[in-house]
Amino acid sequence: MHIEHVGLWVHDLEAMKAFYQTMFQATAGELYENHKKGFQSYFLTFADGVRLEIMHQDSELAGLATRGQFAHLAMAVGSETAVDQISD
1 MHIEHVGLWV HDLEAMKAFY QTMFQATAGE LYENHKKGFQ SYFLTFADGV RLEIMHQDSE
61 LAGLATRGQF AHLAMAVGSE TAVDQISD
C-alpha cells in the first residue's frame with residue numbers, strides 16, 4: 001500500500017498549475033472538468049512519481065479553495081479486489 005496522491009483545493013487553478021510546474025518542475029496531466037458540478041482539476045506529477053491533484057469548484061467549496069484547504073489523501077492498495085478485502 002502507498003499514497004497514490006494528495007488533493008488540494010485552490011482558488012486559481014491555472015496559476016497554481018503554473019506555480020508547481022515552474023517551481024517544482026511538475027508535469028501536468030489533462031484538465032478534468034465536470035461542468036454540471038462546476039469542478040475542474042489537474043493531476044501534477046513530480047520527478048519522483050509523487051502526484052498532487054489541484055482542484056477548483058465554483059460552488060460552496062470556494063471558501064475552502066481560497067485557503068488552500070487539504071481535501072483528501074488517496075491510498076493505492078493494488079486492485080479493486082484488495083479494496084473489497086480491506087472493507088470486508
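The sequence shown runs 1 to 88 under UniProt numbering.
Note that CB positions come from ideal geometry on N, CA and C, so glycine has one too.
A quick note: this is a predicted structure, and the numbers were derived from the prediction, not measured.
* Asked: What does DSSP give as the partner residues of F24 in its beta bridges?
  -> Within the sequence shown, numbered from 1, the residue matching residue 24 stands at position 24. Looking at the DSSP assignment, F24 forms no beta bridge with any residue, so it has no partner.
Q: Could you tell me whether the stretch 76-85 touches the stretch 36-43, using the rule of 3 or more Cβ pairs below 8 Å?
A: no
_Could you give the first and the last residue of the continuous beta strand (DSSP E) run that contains L44?_
Residue 44 sits at position 44 when you count from the first residue of the sequence shown. First-last of the beta strand (DSSP E) with L44: F39 to T45.
With E53 and F43 assumed to form a contact (beta carbons below 8 Å), what rounded beta-carbon distance in angstroms separates them? Position 53 of the sequence shown, counted from the start, is the residue given in the question as residue 53. Position 43 of the sequence shown, counted from the start, is the residue given in the question as residue 43. That pair is a contact at about 5 Å.
Worksheet item: Among H2, M23 and M55, which residue has its Cα nearest to the Cα of L31?
Response: Residue mapping note: residue 31 aligns to position 31 of the sequence shown, counting from 1. Ranking the options by Cα distance to L31, first place goes to M55.
Check: A76 and E4: beta carbons closer than 8 Å?
Finding: Translated into the one-based positions of the sequence shown, residue 76 becomes position 76. Translated into the one-based positions of the sequence shown, residue 4 becomes position 4. Taking 8 Å as the Cβ cut-off, A76 and E4 qualify as a contacting pair.
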